[in-house]
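Q: Mind looking over this structure? Questions follow.
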Amino acid sequence: MDTVSQTATPIVSLNDAATLVALTLKRTTNKAGQPRTRARMSYKTFRRLTGRRVGRAAFVRGFTEELLKLGWLMVRMPSAYGFVRAASLDKWHLIKSNMVAEELKVIKEGSAAKALESARQELAASGEDNSSAGGLSKAARINGEKKKPVASI
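Under the numbering used here, think of the first position of the sequence shown as 19, with each following residue one higher.
This is the structure in structure tokens:
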């Protein structure tokens with residue numbers, strides 16, 4: 019199979035790129051032969067399909083809009099792109115703001131920093147605060163801490 023260099027000129031339009039990616043996702047099935055509702059695609063495969071690298075904000079906006087018209091959502095991950103069939107979200111649990119009612123009350127009272135610091139501490143304690151660089155908290159980044167490598171057994 020021919021590969022596309024990282025600096026290749028796009029070989030298809032933005033709309034056509036979304037079409038090729040959506041078709042690839044549609045043809046991807048699980049072991050039972052049923053269509054997948056979520057999948058990952060490597061950066062290399064994305065470039066092979068479209069001749070493009072996702073990067074510029076304008077391209078990302080346009081591409082995700084076109085992909086959504088075809089029924090898919092895209093998320094950029096550290097090692098690949100993640101795709102979710104938009105229709106599958108209807109089956110997901112609906113979350114309501116009452117889950118953070120106490121934080122919203124504290125923010126309304128004018129203590130947003132206090133509420134958000136408490137939220138960051140709770141997330142860090144549960145290992146779910148991966149939104150910051152490399153999974154480190156803002157305080158850890160400010161203090162110059164580095165993510166420690168995982169020891170292999």
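All C-beta atoms, glycine included, are put in the ideal place defined by N, C-alpha and C.
1. Between Arg58 and Gly89, how many whole angstroms is the CB-CB distance? I'm expecting something under 8 Å.
2. Under 8 Å: do the region 59-76 and the region 27-38 share three or more Cβ pairs, one atom per stretch?
3. Rank Val102, Arg79 and Ser115 by C-alpha distance to the C-alpha of Thr46 and give the top, closest one.
4. Can you list, in chain order, the residues of its chain whose CB lies under 7 Å from that of Lys49, leaving out five sequence neighbours each side?
5. Could you tell me which residues DSSP puts in a beta bridge with Val93?
6. By the DSSP assignment, the alpha helix (DSSP H) with Ser31 in it spans what residues?
7. Given a cut-off of 7 Å on the beta-carbon distance, is the pair Ser60 and Ala35 in contact?
8. Is the separation between the beta-carbon of Thr42 and that of Ser106 shorter than 7 Å?
9. In angstroms, rounded to a whole number, what distance separates the CA positions of Val72 and Lys123?
10. Taking the continuous alpha helix (DSSP H) assigned at Ser136, which residues delimit it?
11. What residue range does the alpha helix (DSSP H) around Ala119 cover?
A: On the basis of the coordinates in this document:
1. Not confirmed; about 17 Å, so no contact.
2. yes
3. Val102
4. none
5. Gly100
6. Per DSSP, Ser31 belongs to no alpha helix (DSSP H) and is neither H nor E.
7. no
8. no
9. 39 Å
10. Ala130 to Ser144
11. Ala119 to Lys126
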